[in-house]
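*Asks:* Protein chains in written order, with the working numbering: chain A, 8 to 299; chain B, 8 to 299; chain C, 8 to 299; chain D, 8 to 299.
One structure follows; several queries about it will come next.
There are 4 protein chains.
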Amino acid sequence: MPESDYELGENRYGKSRIRLVTVRRGETQHDLRDLTVAVALEGDFDAAHTHGDNTGVIATDTMKNTVYAFARDRLTGPPEAFALELARHFAGYDVVDKAIVDIAEHPWMRVPTDAGPAPDAFHRPGFFTRVVHVAVSHSGAIEVESGLDDMTLMKTTKSAFTGFDRDRYTTLAEVDDRVMATKMRVTWGYASDRASEAGFDFAAAGDRVGAALRTSFAEHFSPSVQASIWIMAGAIMDAEPSIDWVRMVLPNLHHWTVNLEPFGLDNPGQVFVSTTEPHGLIDATVRRRASG
Amino acid sequence: MPESDYELGENRYGKSRIRLVTVRRGETQHDLRDLTVAVALEGDFDAAHTHGDNTGVIATDTMKNTVYAFARDRLTGPPEAFALELARHFAGYDVVDKAIVDIAEHPWMRVPTDAGPAPDAFHRPGFFTRVVHVAVSHSGAIEVESGLDDMTLMKTTKSAFTGFDRDRYTTLAEVDDRVMATKMRVTWGYASDRASEAGFDFAAAGDRVGAALRTSFAEHFSPSVQASIWIMAGAIMDAEPSIDWVRMVLPNLHHWTVNLEPFGLDNPGQVFVSTTEPHGLIDATVRRRASG
Amino acid sequence: MPESDYELGENRYGKSRIRLVTVRRGETQHDLRDLTVAVALEGDFDAAHTHGDNTGVIATDTMKNTVYAFARDRLTGPPEAFALELARHFAGYDVVDKAIVDIAEHPWMRVPTDAGPAPDAFHRPGFFTRVVHVAVSHSGAIEVESGLDDMTLMKTTKSAFTGFDRDRYTTLAEVDDRVMATKMRVTWGYASDRASEAGFDFAAAGDRVGAALRTSFAEHFSPSVQASIWIMAGAIMDAEPSIDWVRMVLPNLHHWTVNLEPFGLDNPGQVFVSTTEPHGLIDATVRRRASG
Amino acid sequence: MPESDYELGENRYGKSRIRLVTVRRGETQHDLRDLTVAVALEGDFDAAHTHGDNTGVIATDTMKNTVYAFARDRLTGPPEAFALELARHFAGYDVVDKAIVDIAEHPWMRVPTDAGPAPDAFHRPGFFTRVVHVAVSHSGAIEVESGLDDMTLMKTTKSAFTGFDRDRYTTLAEVDDRVMATKMRVTWGYASDRASEAGFDFAAAGDRVGAALRTSFAEHFSPSVQASIWIMAGAIMDAEPSIDWVRMVLPNLHHWTVNLEPFGLDNPGQVFVSTTEPHGLIDATVRRRASG
């Protein structure tokens with residue numbers, strides 16, 4: 008076969024949107040888990056691309072089956088642990104260099120009833136989705152990122168935006184008290200040595216992050232979305248020493264004050280148009296200094 | 008002008024997707040409301056259609072302005088009251104026969120912080136959207152419907168489906184213990200005399216409905232989705248005498264038990280594929296008997 | 008059993024979002040169909056609701072199976088014919104008063120290649136979705152509605168809005184040349200005697216409707232969206248005598264002229280912000296007069 | 008100020024979802040453009056994050072204004088050229104290291120009427136969205152990527168999947184004739200020297216890519232999605248020498264053959280369930296060899 012003019016670059020493949028619900032049927036109550044799982048593999052799959060030779064290719068259907076089979080007995084802890092089990096399994100194939108597992112866990116809560124929390128009925132809050140991104144190499148090295156996605160938050164004061172650049176295309180007025188609303192994605196990376204500890208408690212770490220995020224979001228004064236990220240990311244790392252970095256992707260969902268003057272009314276920060284389009288989008292990572 | 012071969016039938020027009028956030032800035036804390044409002048009018052708008060004569064046509068932009076202006080001071084109670092104020096305003100125009108206002112209220116909660124609930128920071132749960140449908144006629148007659156939409160619920164037991172018809176196209180097995188999941192829309196209609204009372208407490212009525220719905224959902228045994236509607240609708244009307252009828256549109260979001268036998272595992276109701284497509288869809292109204 | 012305080016009102020049930028693709032493998036080329044089908048039944052299902060008695064209940068899973076089985080050999084003509092076959096089948100059950108079948112057909116076209124249209128490769132345009140709504144009663148009476156949904160259209164001139172009502176909440180300026188954009192749903196009802204004819208050509212009728220709609224949309228001068236509906240609906244009924252009525256649900260997706268004066272530029276109808284929220288929404292039916 | 012334990016990592020900010028429609032009003036007909044634009048900047052914005060100092064920060068509102076102002080006179084060619092003009096403008100600010108502009112162009116076509124293509128009425132096909140990603144550094148270096156997104160394609164034959172790995176979790180049968188459907192994102196990178204040529208014809212290049220993609224998609228035999236990417240990417244680079252690499256993100260939207268045996272019917276590749284969840288996902292880049 009003649010040498011090709013082309014070569015294969017970065018590539019990965021896998022199965023996405025594996026929808027998975029498990030029910031653990033305890034003596035007095037049931038426990039419910041609801042996950043969307045994606046598996047992706049990197050490795051020696053060149054022949055599949057360049058010669059149509061599927062030898063060694065793990066079918067994405069097999070990945071799906073594996074996820075369901077593992078869920079039977081091994082989805083008992085936080086999603087990070089389940090992702091690691093899956094990724095380690097796939098990283099064990101000879102052809103695989105790196106196995107990546109992404110999980111979105113959709114929280115459910117027990118339905119509150121007149122007789123207390125239901126043992127076997129659930130409803131789904133939407134405060135956020137728990138997300139996990141795990142990569143395991145064939146040699147066993149691991150990376151663990153966790154996060155919260157679609158976290159919809161609003162501050163009705165303690166947010167300003169002043170002192171910015173003004174050029175010929177600038178019409179925005181400075182404002183020292185505005186509404187700040189967002190649908191945030193925050194992710195954080197665990198130090199590899201901590202995440203590798205047997206029994207590292209990802210659930211407790213995640214809870215500490217969530218509490219720090221909520222408290223700092225509510226309490227800080229925001230001179231800009233950029234500054235808010237710096238402040239909240241710092242609060243998270245202050246609260247959780249096992250974390251090396253925090254990334255926030257934070258849309259600024261503008262709430263515009265409605266001009267009510269034509270109707271003989273003032274509007275001292277009371278009535279707003281809620282918009283999603285266009286929106287500001289701030290994406291920044293804050294890292295722990297090596298010698299911090 | 009020659010008589011047309013055609014005539015105008017049912018028609019209405021208005022403004023939809025009016026996005027509205029209000030902030031009430033109290034001494035110690037803020038209150039937040041977040042509504043999506045739609046206004047529609049029926050009336051004598053034939054000339055606008057048939058002759059391009061816009062005399063008397065209330066611009067949909069004017070409707071939007073009115074919603075924002077009214078929100079300045081009048082959005083202080085439940086969405087039903089705000090919808091009624093708006094609908095009464097529009098029903099007062101000479102050309103209007105009927106004004107219809109639909110509101111979806113998106114609940115927000117105070118962010119929990121280390122120092123307690125935040126006074127001026129909020130996050131958005133997704134348990135449900137509060138919906139309101141109000142119609143006011145030019146003569147002043149009113150209809151008030153309230154509801155909960157996008158209410159995602161799951162029962163992990165006490166649900167069965169047996170004894171149904173079997174014909175040549177039937178392959179479904181009878182099952183005496185299944186998962187029942189839904190993303191429900193439930194609406195209810197208030198008796199006109201009750202809804203017309205000055206100061207009728209829609210918020211308290213809505214809370215009683217919600218509690219009855221949650222408790223009955225969790226506690227009842229479901230021989231079918233149809234029966235579940237009958238049982239839950241009855242529980243709602245038992246709890247709230249001001250309601251004449253309850254309608255439930257209840258998709259049956261199937262959770263299929265995964266066959267794990269090929270992997271040497273049993274699956275006694277533990278691992279499910281969560282699906283949305285296709286889904287059963289049951290839509291039924293239960294009414295209080297006139298002489299009930 | 009004691010008589011209940013409640014009674015069952017309007018109710019129906021069925022299966023929604025049945026996704027169906029068929030491939031007909033001809034000698035020289037393949038033909039592709041892509042439908043989303045919903046089946047709903049009305050009838051004597053009271054006992055299922057009120058007593059949990061599923062006798063006679065046709066499982067929605069059976070409906071799904073039937074749709075796929077019928078698609079094997081009977082999906083050879085327009086979606087109206089397939090919907091009628093399905094609805095007649097379900098209307099034949101003793102317990103059924105009325106069977107309703109809704110179909111959305113997603114058009115695909117042959118991929119254009121250097122060698123001409125592909126015999127067995129397709130791509131999917133998004134001009135519109137073909138929709139069909141059919142109801143058949145147990146006695147055999149039929150209703151057939153057809154339509155086009157999600158039809159995204161824009162006129163860049165020949166649209167105005169003047170002479171409308173001005174009150175204290177009106178700020179909208181009159182405009183004699185605006186952009187009119189919409190994502191329309193248009194449906195039409197066939198006269199029962201015509202739709203009942205063996206071999207009535209729904210496809211040809213639909214084509215005539217589409218052509219009349221496109222031509223009238225492009226050519227007419229619009230003094231308002233209301234008038235546009237009247238004009239286009241009339242053009243459709245002029246073109247297709249088998250149609251009794253036309254309904255249009257027509258959002259007015261506003262395109263606002265951007266104010267470029269701060270940047271030293273005029274903007275004579277050149278640069279627009281495209282919006283979807285809020286939007287006007289006009290919903291009107293035009294009927295053929297009985298003695299038209 | 009004490010040195011922080013933390014440092015700012017990767018960061019960028021900008022404005023997303025800038026919705027933009029332009030109308031060019033020619034003598035005999037109008038021309039319509041419909042874009043969604045996003046601007047993002049990287050540069051010396053540390054003080055904004057770490058000290059709440061907005062000096063030099065270009066407000067995202069200013070970015071939006073700039074996009075609309077530039078659209079007045081400069082959106083006359085392909086989206087790549089408009090993106091480059093915008094990115095060069097933003098890269099010219101002293102604080103900016105790199106300006107990134109992403110454009111999605113939504114194609115519209117003239118409405119076909121009985122009198123031919125309309126001069127001033129348009130409808131929107133959905134074959135694909137044209138996407139452009141441009142980065143310009145402060146020193147003037149440019150990168151230009153173009154692409155097609157949401158391109159929905161189906162092959163009804165000439166697709167197989169055999170010879171893959173079988174392990175304890177494998178249940179998938181080998182299949183030598185299957186349906187292959189996808190909603191693809193394909194992007195390609197221009198050689199910098201070519202993209203930097205004054206007057207390089209991005210539109211013509213994009214047309215050649217589109218033609219090569221469509222023809223190769225339709226004509227090739229696919230032993231796997233991986234192989235399809237290799238084949239189609241090669242065909243694209245064969246057709247367009249200015250391109251250095253092609254990346255395809257190709258979900259495998261499974262179409263499962265329905266088992267009709269319970270109903271006494273065979274199903275030789277005729278009736279399929281169309282699914283989106285779960286789906287395979289293949290992501291690969293093919294590069295031209297340096298000395299190719």
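Backbone N, C-alpha and C define an ideal beta-carbon position, used for all residues, glycine too.
Owing to the predicted nature of the structure, the values given are computational and were not obtained by experimental measurement.
So Ala-132 (chain B) contacts chain A; which residues on that side make the cut at Cβ distance below 7 Å?
*Replies:* Per the sequence shown, the amino acid found at residue 132 (chain B) is Pro instead of Ala. Chain A residues near Pro-132 (chain B): Pro-132, Gly-133 and Phe-134.
*Asks:* Nearest CA to the CA of Thr-189 (chain C): which residue from C:Val-182, C:Arg-201, C:Thr-178 and C:Asp-290?
*Replies:* Considering only alpha carbons, the answer is C:Asp-290.
*Asks:* Listed in chain order, which residues of the segment 239–272 of chain C have Cβ atoms closer than 7 Å to some Cβ of chain A?
*Replies:* Going along the segment 239–272 of chain C in chain order, one finds Pro-269 and Phe-270 with a Cβ nearer than 7 Å to chain A.
*Asks:* State yes or no: is the beta carbon of Thr-222 (chain C) nearer than 8 Å to at least one beta carbon in chain A?
*Replies:* So, not an interface residue.
*Asks:* Please return the same chain residues whose Cβ sits closer than 6 Å to the Cβ of Gly-287 (chain B), not counting the five positions on each side in sequence.
*Replies:* Result list for Gly-287 (chain B): Asn-259, in chain order.
*Asks:* Is it the case that the Cβ atoms of Glu-247 (chain A) and Thr-120 (chain B) are separated by a distance below 8 Å?
*Replies:* Going by C-beta atoms, Glu-247 (chain A) is not nearer than 8 Å to Thr-120 (chain B).
*Asks:* On the three-pair Cβ rule with 8 Å, is the segment 113–128 of chain B touching the segment 153–168 of chain A?
*Replies:* A contact exists between the segment 113–128 of chain B and the segment 153–168 of chain A.
*Asks:* Using a C-beta to C-beta distance shorter than 9 Å, which residues of chain B count as neighbours of Arg-175 (chain D)?
*Replies:* Within 9 Å Cβ-Cβ: Pro-269, Phe-270 and Gly-271.
*Asks:* Starting from the Cα of Ile-250 (chain C), find the closest Cα among C:Thr-292, C:Asp-12 and C:Leu-272 and give me that residue.
*Replies:* Cα-wise, what sits closest to Ile-250 (chain C) is C:Thr-292.
*Asks:* Verify whether the separation of the beta carbon atoms of Pro-132 (chain B) and Gly-133 (chain A) is less than 8 Å.
*Replies:* Closer than 8 Å, so yes.
*Asks:* How many angstroms separate the CA atom of Trp-237 (chain B) from the CA atom of Ala-167 (chain C)?
*Replies:* Distance between the alpha carbons of Trp-237 (chain B) and Ala-167 (chain C) is about 51 Å.
*Asks:* Since Thr-136 (chain D) and Ala-111 (chain D) are thought to touch, with beta carbons under 8 Å apart, how far apart are those beta carbons, to the nearest angstrom?
*Replies:* Contact flag correct, Cβ pair sits at about 5 Å.
*Asks:* Starting from Val-28 (chain D), follow the beta strand (DSSP E) in both directions and report where the run begins and ends.
*Replies:* Here the beta strand (DSSP E) through Val-28 (chain D) covers 13–32.
*Asks:* Is Val-118 (chain A) closer than 8 Å to Val-74 (chain A) when the C-beta atoms are compared?
*Replies:* The answer is no: Cβ separation not under 8 Å.
*Asks:* At a cut of 8 Å, does the segment 186–200 of chain B reach the segment 257–277 of chain B through at least three beta carbon pairs?
*Replies:* The segment 186–200 of chain B vs the segment 257–277 of chain B: in contact.
*Asks:* Per DSSP, Val-162 (chain B) is paired with what?
*Replies:* In the sequence as displayed, the identity of residue 162 (chain B) is Lys instead of Val. DSSP output for Lys-162 (chain B) lists A:Ala-128 and B:Met-187 as bridge partner(s).
*Asks:* Report the neighbours of His-37 (chain C) on chain D: residues whose CB is nearer than 8 Å to its CB, in chain order.
*Replies:* Within chain D, the residues near His-37 (chain C) are Thr-163 and Thr-164.
*Asks:* I think Lys-105 (chain D) touches Thr-67 (chain D), with their Cβ atoms under 8 Å apart; what is that distance to the nearest whole Å?
*Replies:* No, Lys-105 (chain D) and Thr-67 (chain D) are not in contact; Cβ-Cβ is about 16 Å, not under 8 Å.
*Asks:* Would you call the segment 203–218 of chain B and the segment 270–282 of chain B in contact, with 3 or more CB pairs under 8 Å?
*Replies:* Contact fails: fewer than three Cβ-Cβ distances are below 8 Å.
*Asks:* Counting only runs of 3+ residues fully inside the segment 200–273 of chain D, write out the beta strand (DSSP E) ranges in chain order.
*Replies:* Those beta strand (DSSP E) runs which fall completely within the segment 200–273 of chain D and span 3+ residues are 250–259 and 262–264.
*Asks:* Cβ closer than 8 Å: which chain C residues qualify as neighbours of Val-118 (chain B)?
*Replies:* Within 8 Å Cβ-Cβ: nothing; Val-118 (chain B) doesn't reach chain C, min ~26 Å.
*Asks:* Please identify the residue among C:Val-103, C:Gly-170 and C:Asn-61 whose C-alpha is closest to the C-alpha of Gly-170 (chain B).
*Replies:* If we check each option's Cα against that of Gly-170 (chain B), C:Asn-61 comes out closest.
*Asks:* So for Glu-181 (chain A), helix, strand or coil by DSSP?
*Replies:* Three-state result, Glu-181 (chain A): coil.
*Asks:* Span of the alpha helix (DSSP H) holding Arg-95 (chain B)?
*Replies:* From DSSP, the alpha helix (DSSP H) with Arg-95 (chain B) extends over 86–98.
*Asks:* Do you know how far the Cα of Asp-157 (chain A) is from the Cα of Arg-296 (chain A)?
*Replies:* Going by the C-alpha atoms only, they are around 28 Å apart.
*Asks:* For a contact defined as C-beta to C-beta under 9 Å, what are the partners of Gly-287 (chain A) on chain B?
*Replies:* Near Gly-287 (chain A) there are no residues of chain B at all, since even the closest Cβ is about 17 Å away, more than 9 Å.
*Asks:* Using a C-beta to C-beta distance shorter than 8 Å, which residues of chain B count as neighbours of Thr-1 (chain D)?
*Replies:* A question about residue 1 (chain D) goes unanswered here, because the residues of chain D that appear run from 8 up to 299.
*Asks:* Can you list, in chain order, the residues of the segment 178–210 of chain B whose Cβ is nearer than 9 Å to any Cβ on chain D?
*Replies:* Answer set for the segment 178–210 of chain B: Thr-178.
*Asks:* Rounded to whole angstroms, what's the CA-CA distance from Val-182 (chain C) to Leu-27 (chain C)? Just pull it up for me.
*Replies:* So the alpha carbons of these two residues sit roughly 47 Å apart.
*Asks:* For Asp-121 (chain A), go through chain B and note every residue whose CB falls closer than 8 Å to its CB, in chain order.
*Replies:* Those within 8 Å of Asp-121 (chain A) in chain B are Ala-218 and Thr-222.
*Asks:* Suppose you measure from the CA of Arg-40 (chain C) to the CA of Phe-224 (chain A); what does that come to, to the nearest Å?
*Replies:* About 51 Å.
*Asks:* At a Cβ threshold of 8 Å, is Gln-233 (chain B) touching chain A?
*Replies:* Closer than 8 Å: no.
*Asks:* Check whether chain D comes within 8 Å of Tyr-100 (chain C), counting only Cβ atoms and requiring the distance to be less than that.
*Replies:* By this cut-off, Tyr-100 (chain C) is not an interface position.
*Asks:* Figure out for me which residue from D:Glu-87, D:Thr-283 and D:Phe-52 has the closest Cα to the Cα of Tyr-100 (chain D).
*Replies:* Cα-wise, what sits closest to Tyr-100 (chain D) is D:Phe-52.
*Asks:* If I measure Cβ to Cβ from Ala-210 (chain A) and keep anything under 6 Å in the same chain, skipping five residues before and after, which residues do I get?
*Replies:* Closer than 6 Å at the Cβ level, and outside the excluded window around Ala-210 (chain A), lie Pro-85.
*Asks:* Taking Ala-202 (chain C) as the reference, give the member of C:Asn-274, C:Val-108, C:Asp-245 and C:Ile-149 with the closest Cα.
*Replies:* Here the closest residue by C-alpha is C:Ile-149.
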